[in-house]
Amino acid sequence: MKFIDKIAETLVSAVKGASDVMTAIRDAVKKQVTGTLGDVKDITTTGVDSVSDIVTGSIKGAGNIGASFIEATKNTVSGAINGVSDVGGDVLAASKKAVQGAVSGAAEVGKDLGTTAVAAVESVINTAKSVGVNTTKATQEAVVGAITAADRIGSEAGKTVRNALSTAASLPKDVVQKVIKKTPE
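Residue numbers 254 to 438, in the numbering used here, belong to the letters of the sequence shown in order.
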């Protein structure tokens, strides 16, 4: 069984019977991240790279539990970033990897990539504030992560995500546009 599929199963098991599914998702992802990073010696690079896979697996699992996919995405990204912060990892790198994982996971379960990317970036902004990280830098990393993941999926996915990010009223347009201009299609 692939690591991502194991994560998906773990998430589904963790939220079964939970009275607050979204909190259960966030806590399960955070626990998975802290557990994984606790086993990795080089948290700044090797460990943070695993965040993308953890989020992808969690998003796949969230797609199977019948909860709001967008809220599940936000809580998954938040849990991942909080987990990295708790172990002293690179929150900016985790922001990028978490959003990459969210977009990749959405593609695997057939969800709208633009909406998912916006929700994931919103979550990065809110979580960065709560853990005391520069929100502009976190937003930049998150947007790069969304575009990178979408471009790997295909050129149409890249266009969809760029358009969604650049038109989302909830995101800082100046920051988003600056990153999009630096990231050619």
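By construction, the Cβ of each residue, glycine as well, lies at the ideal position given by its N, Cα and C atoms.
Keep in mind that this is a model prediction, so the values were computed, not measured.
For V428 and D258, the gap between their C-alpha atoms comes out near 34 Å. Contact check for A381 and K327: beta-carbon distance about 13 Å, past the 8 Å limit, so the pair fails to qualify.
Per DSSP, the continuous alpha helix (DSSP H) segment holding N328 begins and ends at 322-339.
Around the beta-carbon of G316, 16 or more other beta-carbon atoms lie within 10 Å, marking it buried. By the criterion of a C-beta distance shorter than 6 Å, T309 is surrounded in its chain by I257, G354, S357, G358, once the five residues flanking it on both sides are discounted.
Residue state for D343 is assigned as coil, using DSSP reduced to three classes. Distance between K364 and S321, taken at the CA atoms: about 11 Å. In this structure R405 is exposed. Its beta-carbon is surrounded by fewer than 16 other beta-carbon atoms within 10 angstroms. The beta-carbon distance between A360 and A410, rounded to whole angstroms, is 7 Å. This is short enough to meet the 8 Å contact definition. For A422, there is no enclosing alpha helix (DSSP H), as DSSP gives it neither H nor E.
Counting other Cβ atoms within 10 Å of its Cβ, D273 stays below 16 and is therefore classed as exposed.
Distances from the CA of A417 to each of E438, L366, T436 were compared; the closest alpha carbon is that of L366. With respect to I260, S338 sits apart: the two C-beta atoms are not nearer than 8 Å. Distance from the CA of E262 to the CA of V282, rounded to the nearest whole angstrom, comes to 12 Å. D280 sits in a helix when the DSSP states are folded into three classes. Ranked by Cα distance from T276, the first of A351, A325, I334 is A325.
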